[in-house]
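Q: Sequential numbering of the sequence shown, starting at 6, is according to my numbering.
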Amino acid sequence: MPKVSPKLASAVKCSDEFNAEACMHCGICTAVCPMGYEILPRKLFRYVQIGLEDKVREHVSDIYSCLLCGMCAENCPAKVNIADNVRFLRKYINENEFNLS
Ligand code: SF4
Ligand code: SF4
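#1: Following a CB-centred definition, is residue 88 positioned closer than 7 Å to any heavy atom of ligand 2?
#2: Check this for me: beta carbons of residue 65 and residue 13, under 8 Å apart or not?
#3: Cα separation between residue 6 and residue 94?
#4: Closer than 6 Å by C-beta to residue 10: which residues in its own chain qualify, once you throw out the five before and the five after it? Chain order, please.
#5: Which residue wins for smallest C-alpha separation from residue 35, given the options 16, 106, 82, 101?
#6: State the Cα-Cα distance for the pair residue 101 and residue 60, rounded to the nearest angstrom.
#7: Ignore the nearest five residues each way along the sequence and tell me which others in residue 40's own chain have a CB closer than 8 Å to its CB.
#8: Could you tell me whether any non-hydrogen atom of ligand 1 is closer than 7 Å to the CB of residue 39?
#9: What distance in whole Å lies between the Cβ atoms of residue 21 and residue 44, which are believed to be in contact at a cut-off of 8 Å?
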C-alpha cells in the first residue's frame with residue numbers, strides 16, 4: 006500500500022512559478038526531450054501532486070539527470086515551467102532527503 010504524504014505538494018511548491026498542475030498530459034515534452042524522459046514531468050509531478058513520496062524517491066536519479074535544457078517547456082502548450090519545476094523538486098530533495106540546506 007503506497008504511503009500518501011498530503012503535505013508533499015505544498016512543500017515542493019515553494020513559489021508560484023511551480024505550475025505542474027497545468028499539465029494536460031499531451032506528451033509533447035517527452036517527444037522533444039533529448040534524454041527521452043517520459044517520467045519528467047508527466048508522471049513525476051503527478052506523484053508530487055497526490056503525495057506519493059515513495060514514487061518520487063524511486064526516480065531521484067532521473068530528477069538529477071535532467072539537463073534543465075528547457076526544450077520541453079519551450080514546446081509545452083500549457084506553458085508548464087518544467088525545468089523550473091524540476092529545480093524546485095531538487096531543492097526539496099536536497100533539503101529533506103540529503104539534509105543539505
Ligand atoms: S508538454 Fe506540457 S502539457 Fe504536455 S505533457 Fe508535457 S508538461 Fe504536460
Ligand atoms: S529540461 Fe529535462 S525534461 Fe526537459 S527536455 Fe531538457 S532534459 Fe528533458
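Glycine residues also receive a C-beta, built at the ideal position from the N, C-alpha and C atoms.
Values in this document were obtained by computation on a predicted structure and should not be read as measured data.
A: Judging by the given coordinates:
#1: Here residue 88 refers to the residue found at position 83 when the sequence shown is read from its first residue. Residue 88: yes, Cβ under 7 Å from ligand 2.
#2: In the sequence shown, the residue the question calls residue 65 occupies position 60. In the sequence shown, the residue the question calls residue 13 occupies position 8. Cβ atoms of residue 65 and residue 13: not closer than 8 Å.
#3: Position 1 of the sequence shown, counted from the start, is the residue given in the question as residue 6. Position 89 of the sequence shown, counted from the start, is the residue given in the question as residue 94. The straight-line gap from Cα to Cα measures roughly 24 Å.
#4: Start at 1 with the first residue of the sequence shown, and residue 10 comes out as number 5. Excluding sequence positions up to five before and after residue 10, its CB lies within less than 6 Å of the CB of 56, 58, all in the same chain and listed in chain order.
#5: Numbered from 1 along the sequence shown, position 30 holds the residue referred to as residue 35. Nearest of 16, 106, 82, 101 to residue 35, Cα basis: 82.
#6: Your numbering for residue 101 matches position 96 in the sequence shown. Your numbering for residue 60 matches position 55 in the sequence shown. Taking the straight line joining both Cα atoms gives about 15 Å.
#7: For the purposes of this step, residue 40 is taken as the residue at position 35 of the sequence shown. Result list for residue 40: 70, 71, 72, in chain order.
#8: Numbered from its first residue, the sequence shown carries residue 39 at position 34. Relative to ligand 1, residue 39 has its C-beta separated by 7 Å or more from all heavy atoms.
#9: Counted from its first residue, the sequence shown places residue 44 at position 39. Counted from its first residue, the sequence shown places residue 21 at position 16. About 24 Å separates the two Cβ atoms, so there is no contact after all.
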